[in-house]
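Protein chains: 2
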Amino acid sequence: MKAKIHITLKPGVLDPQGKAIQSSLGALGFEGVENVRQGKYIELDIGESDAAKAGEQLTRMCDKLLANTVIENYTIDLET
Amino acid sequence: MKAKIHITLKPGVLDPQGKAIQSSLGALGFEGVENVRQGKYIELDIGESDAAKAGEQLTRMCDKLLANTVIENYTIDLET
Chain A
1 MKAKIHITLK PGVLDPQGKA IQSSLGALGF EGVENVRQGK YIELDIGESD AAKAGEQLTR
61 MCDKLLANTV IENYTIDLET
Chain B
81 MKAKIHITLK PGVLDPQGKA IQSSLGALGF EGVENVRQGK YIELDIGESD AAKAGEQLTR
141 MCDKLLANTV IENYTIDLET
């Protein structure tokens with residue numbers, strides 16, 4: 001079972017990487033680009049074939065390792 | 081107009097970060113996790129309101145700055 005995980009900074013948390021991208025895009029002549037936020041995207045295959053159990057495992061993976069839940073949100077998409 | 085950009089390593093390109101995640105998950109007791117690949121996820125607002133023009137601008141942004149097209153693929157999703 002394939003899982004796609006998005007990890008993004010919570011709203012209000014400063015995103016220096018996003019700001020850097022935004023100013024670089026401006027310097028390259030791209031106008032009107034705003035609110036750039038950079039997050040992480042993780043794809044993985046999980047052995048568990050039961051969607052509910054896989055979702056529960058993935059939630060624990062995010063809480064324990066993948067995301068810093070103090071400043072980051074995560075979303076999990078399962079592809080059956 | 082809101083855009084979501086996924087930047088992933090091309091298949092076959094070694095992903096040390098993904099491998100590190102995979103072995104850390106294994107060490108934490110999560111079994112059966114395979115093919116972990118880490119990519120980047122960028123959200124931004126673009127001033128352009130015409131979807132075709134916005135898509136063309138975003139493609140140029142990815143080619144010029146956001147992605148390293150030698151080793152990375154990118155996908156662009158536009159939310160109207």
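Chains as they are written, first to last, in the working numbering: chain A, 1 to 80; chain B, 81 to 160. C-beta atoms are modelled at their ideal positions from N, C-alpha and C, and glycine is treated no differently.
Chain B within 9 Å of residue i, Cβ atoms only
i       : result
LEU14/A : no
ASP50/A : no
LEU78/A : no
GLY55/A : no
ILE71/A : no
Backbone CA spacing between residue i and residue j [nearest angstrom]
i        : j        : result
TYR121/B : ALA20/A  : 15 Å
LEU94/B  : ASN148/B : 14 Å
VAL36/A  : GLU114/B : 31 Å
GLY12/A  : ILE5/A   : 21 Å
LEU65/A  : LEU105/B : 8 Å
LYS133/B : GLN97/B  : 35 Å
PHE110/B : GLN57/A  : 8 Å
GLN22/A  : GLY32/A  : 10 Å
CYS62/A  : ASN73/A  : 9 Å
LYS90/B  : LYS10/A  : 28 Å
Pair within 9 Å by beta-carbon distance, residue i and residue j
i        : j       : result
ILE76/A  : GLY55/A : yes
GLY119/B : GLU43/A : yes
ALA3/A   : ASP45/A : yes
Buried versus exposed, by CB contacts within 10 Å (16 or more), residue i
i       : result
LEU28/A : exposed
ILE87/B : buried
9 Å Cβ cutoff, residue i in contact with chain A
i       : result
THR88/B : yes
Starting from the N-terminal side, write out each stretch of the alpha helix (DSSP H) that is 4 residues or longer and does not extend beyond the region 101-145 of chain B.
131-141
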